[in-house]
Every structure is written in C-alpha cells, then in structure tokens.
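Structure, as structure tokens:
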Amino acid sequence: MNAPFGNPLLLVLALPLAAAALLAFLPDYRFASRLSVVASFLTLAAAASLFATDLPSHGAYLLVDELNIVFIVLNTFVAFTTSVFSAGYIGHELATGRLTPAYLRFYHAMYQLLVFAMNLALVANNIGLMWVAIEIATLTTVLMVGIYRTHEALEAAWKYFILGSVGIALALFGTILVYMAAQPVVGEGADAMVWSVLVKHVAAFDPALLNVAFVFLLLGYGTKVGLVPLHAWLPDAHAEGPTPISAVLSGLLLNVALYALLRFKMLLAGNAGAIAPGPLLVAMGLASLVFAAFMLYRRSDVKRFFAYSSIEHMGIMAFAFGMGGPLANFAGLLHMVMHSLTKSAIFYAVGYVAQVKKSQKIADIGGLTATHPWLGWGLVIGVVAIAGLPPLGIFMSEFLLVSSTFAREPWLALLLVAGILVAFGALLLRLNGLAFGEPRGGVARSEMSFAPLYAHLALVAIAGVWLPAPLVAWFDYVAGLLG
Amino acid sequence: MDRLAFEVAHMLAATLVLLSFVQLYQDRLPALINTFALHAFALAASVAWQAYIQEAPHLYVTAAIALAFKGLIVPVALHRIVRRLGIHREIETVVGIGLTMLVGIALVALSMIVMLRVTTGADPLARQDLAFALAVVLLGLLLMVSRRNAVSQVVGFMSMENGLVLAASAAQGMPLVVEISIAFSILIALIVIGIFLFRIRERFDTVDVQALDLHRGERG
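From first to last, the protein sequence lines stand for chains A and B. Counted the way this note's numbering counts, the first sequence spans residues 250 to 732. Counted the way this note's numbering counts, the second sequence spans residues 1062 to 1281.
Rendered as structure tokens:
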C-alpha cells in the first residue's frame, strides 16, 4: 500500500468497522445512534477526500479509480443520511415496543458492519476479496431483515438467505473460473485474482472459459442486483425489514452488486474472443423493467410497491450499461445516482408514513398532503421524481438513455419506453390514493427529521436542471472507461 | 502428471458426484443427512489428496474444516433438529424421484460437455475436477429446488458448496481457498442456527417453503 492514498482509503474501511465494534458494546441507545451518525459522517468525509488523491492507484488488495470513487462517495453519502434517519426512526420503534434496546444495539452495530462490507466490496482489488465482502453484506442485511422476529420477517429473511446464498455460491464458481482463465497467463498465486493485473493481461486469456465464468457471475451477482427472474427475494426483504434497511438495500446494496457485474463486464471487454456481455445485460434489464412495471399494479403493500419499483430501475440501469457506449453509460451512471438518492428519500418518507398510519397497506393510507403536509409533499416529490417526470434528475437520465437508444436500436427503445410508461401509470395511480383525496388512517404526529428526505430531493431537483461541469466531465470519463 | 495421482483424484471427485446422486433419491431426512456426512468425508479426502499432490499445505486446513465441521458437527446438529421437531417422516418432493434422477443425469452430461469443451487449455487434472465440481454444484441446486423442506434445502446448499470447494482446491495455486471455506462455514453455521430459531413448532410449519409462496404476492 503506498502512503499517499493509503490513509483516506483505509479510513473508509476502518471507521465503520471500528464503529461497529464499539457500538456492539454500547448499552445507551441514544448515544449509540449519535455515534453511528458521527461515524457515518467521518466515513463520508474520508470518502470525499479520496478525490484529492492520485487516480487510479492500487495495492495488492485495494484499489481506487475513477469508477469506484463515484460508487464509494454515493455509498457513504446515503449511508450517512440513512444513519440520521435511523436515529429517529429506530427510536420511535423502541417507543412503540416493536424493538427492545438490546436489538437496537445490535441494529446499529450491524448497520456499520454493512457499510464496512459495502465499502470493502467497492474498493477491493482482488475478486476473491470482493466476493467475501458481498457475502458479509448479504449476511448482515439478512440479520437485519429478520430483526422484528415476526412471522413474516423471519420468512422474508429466510427466503433472502437461501436465494442470496445460492447467488453467492454461483458467483464464487464464476470467480474460480476467472482464476482458472488467468492462471496460465499470469501464473499461480494471488496475482491471478488481482483485478488490475487481470485487466492488463485479459487479452491473452482463454475466451471460452471467460464466457462460462461470466454466465455464472451474471447469475450470481444478478441475483443480488434483483434482476428478473432472480428477484424473488427482493420484495419480501424490503417489505418486512426496518425501513432504513429498505432504503439502504435499494439505494446501495443493489448498486454494489451491479458494480461487481460492471467490473467483470470491463474485464470481458478486454478480450476479443469473449462474448459481448452487453446483450445479456440488455435482455435481463428489459425483462426486469417490463415485468416489474406490470407487477406494480397489483401491489397493496406500500413498501413492496416501491421494492418493485427498485427492480424496475435496476433493470433500466442494467439496460443502459448493457447498451454501452459513452452516452448510454453516462445515462446509466446518472440514473444510478439519481435512483439511489430518490429511492432512499421515498423510503424515508414511507417509513414515517407507516409509523403515523400504523400500517403499510396502501388501502389504509390516504390524503397525506392534508394531514401531514411536509411528509405528504415529500412523498409526492419523491414519487414524481422516480416516475421520471421533468424537471427532476431521473427524467434527465431516462431521456438521455431513451434518445441514445432510439438512435441505435429503435425497437429496443420502444420496449424501454413502453416499460417506463407502464410503471409511470402505476406510480401516479398509487400516488393519487396515498397523497390526495379523503384522509385515511391515523393522524398521529411523531417527531420526525425531514432533513435527510429533503436533502436528497433537493439534490435530485438540482441535478435535473443543472449538473456541475466537473461532474459531467468526470462521468464522461468513467463512461468511456466502461466501454 | 503422475498417473496414479491423477487416477486417485479422478476417483475421489467422481465419488462426490455419485454421492450427490445418492442424496437425490433419499426420501427420509435422517438418511439424507447421513449421506451428506459421507459427501463431506469424500470432499475432505479429495481436498487432502489435492493438498498432497499440489504440495499445498494450506489445503489441509480446508480438508480439516470439511471433515470436522461439515462431516461431523453439522450432521449431528441437523440430526438433533430433526429429532426435536419429529420430522422423520418422508420428504415431500416436488417431482418424482425418477424424473429428478433423469434431470440429474442431464445436468451431469451438461456440465461435462460445457466444462471439458471450454477448458481444453487447462491441465487435465483441473479439467476433470472442474467438470465434476460443476456437476456437484448443479446437483446440489437440483436438490434445493426439488425439496420443500428447509432441512433438505440446507443439505442441498451444503453439497452445492462442497462442489465449490472441490473446484477451488482443483484450481492450482488459487489464493484465499481457506478463507473462502471459512466464510462458507460461517454462512452454514448461521443457516443452521437459523433453523434452530425456527424450531418453535408453529414457526417450523412455515419452513416448509411452499408456505412462503403465500407471501409472495401480498399479505392477507
């Protein structure tokens, strides 16, 4: 590890890990939630300071380059705002008796461990290490999905556990095959799993072995991305766990799995004989988009509803990265950032809604803008953004993607637009019932902090009308890297 | 490559595939768990042999984990769970045993065709082992999808994982094999602990995974 970039990078990993260890032993939950916020903020600061280092730079196990820095900063930012949201939300769960203080301690420790695992997966330069990190992230989220210990929560956790484990196992087989492909060229030992070494030598690898490896990696990590038909765990895990975890699952963990896929896609792109991974991603992305769009109409649980919306948007991203080329990749990156911000904001709002209405069923919730104006309008803005209406950020990325696809593959673009429109209809239909009309359900107030919710929405709104030039240049460069 | 070393490795890996088939037609849980213990023993022997011929002492650790953890501790724990819950009765299968076996044969053929074709460049020992490993992985997956009971799904997952360890040990000089087998052991330990949590009678009924389908769409 060379010193100039070593420090902030190590901090990004060490801070959450130390916080997790500390939080596991802290009995006072008020102090614990504050500590969690502080640790998350410091991690964010460390991540931001990575920009000041030389890029790309890599050691034997860790790596920072222009691509993963985008993911790391997004990851630590949403992790920070979610820790702020958690502090209030989980305190309320304690007050209503859904959680006991012991579970709360467990929750905060696990949350920091999850942040650590996601950061590790993003900065890992070794494909084996990346796999281990994604496994840890899966395990921590499984434990948190089941935290309420209700019948449904345990079932959701079990389903997530089994499906996630199968995905993880398939991804490991793919990882072993990549090593087998690299071993004759790079030589035996640790070097043949180091990503930066692999990329340099990939042109000489056996293409047939790489192809099979990618199929396993796509199935394995694709399960974690929630691509149809491997998505079955996702709605349950979102609906039954605590809402901050739904926000982190949708906003961050799906991205981390997508990032792993992108890394391997870049690897395959360097080998002339290997299949193009693009069409596979396009097909799975479109399937996810269209399937989830139709499924949206049949949901009656509000968290499950937005979980399907996440499948839809992960499909759009997979489609964009599958199309490839500078414009589509740019749209994919922008879409990923906008979706993470918007979807976690929506889950913040939904979490409070479920607390004041004491129900997650869409039928029990209505007229939010009348009874809880701040909450209701926050939800309205979030859903309008996620539906892709101008002038918000997601409109920008979807517009870019659709227009670039029309220029290249008009038929695919038609399917894409159809899927987006179907989902759009479902979102506005449900939004109308949730936010307007006759108020239904409880009118109780709870002390809420709207700061994380509106901070995200403000960023999405600004991005819709104005993107800073350095950011655009950065994304342009990364889009070029992705090929 | 020493001829004898090759043949022994080949035989041990083939034993794993054979035992995977034996698992497929077990219709009672205790018998299934015993077969899995045998599976783990065969894996331990195979990995230890790889450690010997590759002169890779760290693989002995992986073999020891397979022997002690998956061969002894987990089966004993699963036997206890099964006894406590009183589920010695027949395993429900989604499709008939005969059909499952046919699908299994097709999967083995598929993995041979795919892996032998794509690994023509690799050394013959690794080729064979990778093909067998893929067969074990796919058969484990088949066991998972063809059973509804949580315990047999866990057994399926573990035999799938045995296939992965076989592949990792056959890939010469692969780093992190020990770490990965430890990571998997943690995963399995958590799964087994998870079943212990489900142990309460009425909860266990829902571990019949078909009941999960009720919640797939919507809750009441």
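Note that the Cβ used here is the ideal one computed from N, Cα and C, for glycine as well.
Taking 8 angstroms as the cut-off, the Cβ atoms of Gly691 of chain A and Lys606 of chain A count as close. Around the CB of Met1072 of chain B, fewer than 16 other CB atoms lie within 10 Å, so the residue is classed as exposed. With a 10 Å radius around the Cβ and a threshold of 16 neighbouring Cβ atoms, Arg679 of chain A comes out buried. Boundaries of the alpha helix (DSSP H) harbouring Leu680 of chain A: Pro659 to Ala684, taken from the DSSP string.
Beta-bridge annotation (DSSP): Lys610 of chain A is paired with A:Asp550.
For the set A:Ala431, A:Val461, A:Phe410 and A:Val443, the Cα lying nearest the Cα of Leu1248 of chain B is the one of A:Phe410. Our two residues, His1140 of chain B and Ile1094 of chain B, have alpha carbons roughly 7 angstroms apart in a direct line.
For His307 of chain A, same chain residues with a beta-carbon under 6 angstroms away, outside a window of 5 residues either side, are Asn374 and Ser445 in chain order.
Taking a Cβ-Cβ cut-off of 7 angstroms, Glu561 of chain A has no neighbours in chain B, whose nearest Cβ is about 17 angstroms from it. From the beta-carbon of Met1221 of chain B, the residues of chain A found nearer than 7 angstroms are Ala418. Inside the stretch 1062–1106 of chain B, DSSP marks whole alpha helix (DSSP H) runs of 4 or more residues at positions 1064–1085, from first to last along the chain. At a C-beta separation below 8 angstroms, Met587 of chain A has no neighbours in chain B, since its nearest C-beta there lies roughly 29 angstroms away.
Only residues of its own chain outside the window of five on either side were considered, and among them Thr387, Val391, Thr472, Lys473 and Trp482 have a CB closer than 8 angstroms to the CB of Gly413 of chain A, listed in chain order. For Ser306 of chain A, the pairing in a beta bridge is given by DSSP as A:Val313. Legend: CB atoms of the stretch 1230–1241 of chain B lying less than 8 angstroms from CB atoms of chain A belong to residues Ala1232, Gln1233, Gly1234, Met1235, Pro1236, Leu1237, Glu1240 and Ile1241. Here Ala295 of chain A carries a helix assignment [DSSP, helix/strand/coil]. DSSP links Asn1210 of chain B through a beta bridge to no other residue. Per DSSP, Val721 of chain A has no beta-bridge partner at all.
Annotation for Tyr1121 of chain B: the continuous alpha helix (DSSP H) segment containing it runs His1119 to Ile1126. A straight line joining the alpha-carbon of Phe673 of chain A with that of Ala636 of chain A spans about 5 angstroms. Around the CB of Glu647 of chain A, 16 or more other CB atoms lie within 10 Å, so the residue is classed as buried. Under DSSP, Gly471 of chain A forms no beta bridge with any residue. Taking 7 angstroms as the Cβ-Cβ cut-off, the stretch 423–440 of chain A approaches chain B at Ile425, Tyr428, Met429, Gln432, Pro433, Glu437, Gly438 and Ala439, given in chain order. A distance of 8 angstroms or more separates the beta carbons of Gly686 of chain A and Pro639 of chain A. Taken through DSSP and simplified to helix, strand or coil, Gly631 of chain A comes out as helix. Your pair Val1212 of chain B and Leu1090 of chain B checks out as a contact, with CB atoms roughly 6 angstroms apart and the cut at 8 angstroms. A contact is defined here as three or more CB-CB pairs under 8 angstroms, and the stretch 377–385 of chain A fails this definition with respect to the stretch 478–498 of chain A. An exposed status is given to Asp277 of chain A, since fewer than 16 other beta-carbon atoms sit within 10 Å of its beta-carbon. By the neighbour-count definition (other C-beta atoms within 10 Å, threshold 16), Phe300 of chain A is an exposed residue. In the DSSP annotation of this structure, Met1235 of chain B is not part of any alpha helix (DSSP H), being labelled neither H nor E. Per DSSP, the unbroken alpha helix (DSSP H) holding Gly713 of chain A starts and ends at Ala700 to Val714.
Shown here for Thr1123 of chain B: same chain residues with a beta carbon closer than 7 angstroms to its own, the five before and five after excluded, namely Val1108, Val1226, Ser1230, Val1238, Val1239 and Ser1242 in chain order.
Proximity of the stretch 1074–1083 of chain B to the stretch 1187–1205 of chain B meets the contact definition, three or more beta-carbon pairs being nearer than 8 angstroms.
For Gly1182 of chain B, the closest Cβ of chain A is nearer than 8 angstroms. Contact annotation: Thr591 of chain A and Ala634 of chain A have beta-carbon atoms nearer than 8 angstroms.
In this structure the stretch 447–457 of chain A lies against the stretch 514–525 of chain A, because at least three pairs of beta carbons, one per stretch, are closer than 8 angstroms.
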